[in-house]
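In the working numbering, the protein residues as written are 2 to 246.
Ideal placement from N, C-alpha and C gives every residue a C-beta, glycine not left out.
Here is the structure we will look at.
Encoded structure:
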């Protein structure tokens with residue numbers, strides 16, 4: 002069972018309906034705002050394990066995400082991401098996979114250790130379960146692609162998925178940044194606009210789709226993101242395992 006304490010934070014698996022409701026409330030705040038008229042949730046919640054990161058002193062929930070385990074790429078159609086991307090290329094991946102979804106940090110909490118502990122928990126889960134690929138949708142806040150031109154240009158130049166895994170277009174509303182953008186990225190602006198979760202994936206050797214999906218329900222732009230565990234640089238893996246231990 003996942004239970005990791007580091008510094009002032011603890012990461013653990015949700016144990017009951019109360020834990021899941023707390024995660025859904027945080028997701029609602031993070032993705033839909035304080036005035037949302039319904040609690041965030043979908044049919045995937047029941048099939049997932051839910052990870053909670055809490056402040057030990059106060060018990061406050063500061064981060065959460067969910068994990069959907071797949072035996073191999075042949076099961077990729079069961080994933081949340083498969084609603085938005087044609088993932089048929091990944092059906093040939095022959096190792097265990099986990100989809101990381103609905104990752105969010107409480108908007109009032111800005112401690113970088115929260116993300117570090119969340120990744121430590123993910124690392125512990127990956128090592129314990131023998132997972133060979135992490136994947137999911139990495140979200141940019143808002144639906145205006147022009148707000149992230151430099152970030153998308155950097156993704157185009159350095160981080161597009163290998164051709165043999167490349168997701169194809171499926172959603173009706175997309176921004177094909179790899180094909181449409183011609184500008185060179187300003188690296189400082191690109192990094193400033195890159196979501197922290199995606200930035201961490203990329204530092205570990207992750208890759209993205211060549212287009213972003215415009216998700217008007219959640220008010221985000223998102224790119225499919227994959228990370229093959231075997232591709233994580235050894236030094237980065239050691240750092241993550243130090244947090245996970």
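For residue 220 and residue 144, the gap between their C-alpha atoms comes out near 6 Å. Taken in chain order, the whole alpha helix (DSSP H) runs of length 4 or more contained in the stretch 119-160 are 150-159. In the DSSP assignment, residue 205 falls outside any alpha helix (DSSP H) and carries neither an H nor an E. Around the C-beta of residue 212, 16 or more other C-beta atoms lie within 10 Å, and the residue is accordingly described as buried. Excluding five sequence positions before and after residue 229, the CB atoms of its chain that fall closer than 8 Å to its own CB belong to 133, 134 and 206, given in chain order. Apart from sequence neighbours up to five positions away, the residues of its chain that approach residue 166 with a beta-carbon distance below 7 Å are 90, 91 and 227, ordered along the chain. Using a Cβ distance threshold of 8 Å, residue 97 and residue 70 count as a contacting pair. Per DSSP, reduced to three states, the secondary structure at residue 57 is coil, with no helix or strand assignment. The residue among 191, 164 and 173 with its C-alpha nearest the C-alpha of residue 214 is 173. Taking 8 Å as the cut-off, the Cβ atoms of residue 225 and residue 105 do not count as close. Non-local beta-carbon contacts of residue 177 in its own chain, meaning distances under 6 Å to residues more than five positions away in sequence, involve 212 in chain order. By the neighbour-count criterion, in which a residue is buried when 16 or more other Cβ atoms sit within 10 angstroms of its Cβ, residue 195 is buried.
By the neighbour-count criterion, in which a residue is buried when 16 or more other Cβ atoms sit within 10 angstroms of its Cβ, residue 115 is buried.
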